[in-house]
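Take a look at the structure set out below.
Laid out in structure tokens, this is it:
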């Protein structure tokens, strides 16, 4: 990015994402180049804080309280990119929220139900070569923010063959199911699986595809769910927030 932009800003100013919400989403999409200029110009000398923030985060990650389902549900109403104190509550409601809501404790099942309302269950036909969604009306789908949780890599896979990225994305979903099968408590369960591949998400939500490349994987994933009596709910996460991408590129 630094070279393509003809070295206009110092290299570190292209990486930080804390200035990304400086403009609304619709303005950003209409003027991507202008948005990038504004975002980089707001970084100034903030690079000095990154080493400190990285070291502090690593040192404190084991003592920071884990985010509970209740905390996430009570903050779903915050605008994208909003930064607020953990005590501030803004639940997702039909009406605007004013003041503090009553004390409510939510379970992980409640969280999955709420997130399930924002994902598409019908799927769609997808052009495999381009990822284009076919049909007159694209399905509605809301992305999930990965930073709502704290992540730890348990399994990584290194690919040696040159295969289409859609095949690799869907095969990793199959591997995740096989990994879950090792635990007897995974029988008759429902899972929320986050992935950054809309192709895999829409095909697996529909449960079938005409692609000769992806059809065997789709059938295996469906057969595993049937054999385990379990159900896989697919949630979308942006590629830049996907915590598993680093392990797949090693």
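In the working numbering, the protein residues as written are 275 to 524. Heads up, the beta-carbon is just placed ideally off N, CA and C, and yes, glycines get one too. Every value quoted in this text rests on a predicted model; they were computed, and no experiment measured them.
In terms of Cα proximity to residue 285, the closest of 275, 291 and 359 is 275. For residue 359, no beta strand (DSSP E) run applies, since DSSP gives it neither H nor E. Residue 417 is bridged by DSSP to 510. Cβ contact annotation for residue 459 (same chain, cutoff 8 Å, sequence separation greater than five): none. Setting aside the 5 residues that flank it on each side, residue 297 is surrounded in the same chain by 309 and 312, each with a C-beta closer than 7 Å to its C-beta; the list follows chain order. Under the three-state reduction of DSSP output, residue 309 falls in the helix class.
Within the same chain, 477, 489 and 492 come within 6 Å of residue 483 by CB-CB distance, once the 5 residues on both sides are set aside. With 16 or more neighbouring CB atoms inside 10 Å of its own CB, residue 518 falls in the buried class. If you ignore the 5 residues before and after residue 423, its C-beta comes within less than 7 Å of the C-beta of 341, all in its own chain and listed in chain order. The DSSP-derived three-state label of residue 465 is strand. Proximity to residue 507 across 466, 498 and 513 peaks at 466, based on C-alpha coordinates.
Burial of residue 441 is indicated by the presence of at least 16 other C-beta atoms within 10 angstroms of its C-beta. When C-alpha distances from residue 347 are compared across 381, 451 and 315, the shortest belongs to 381.
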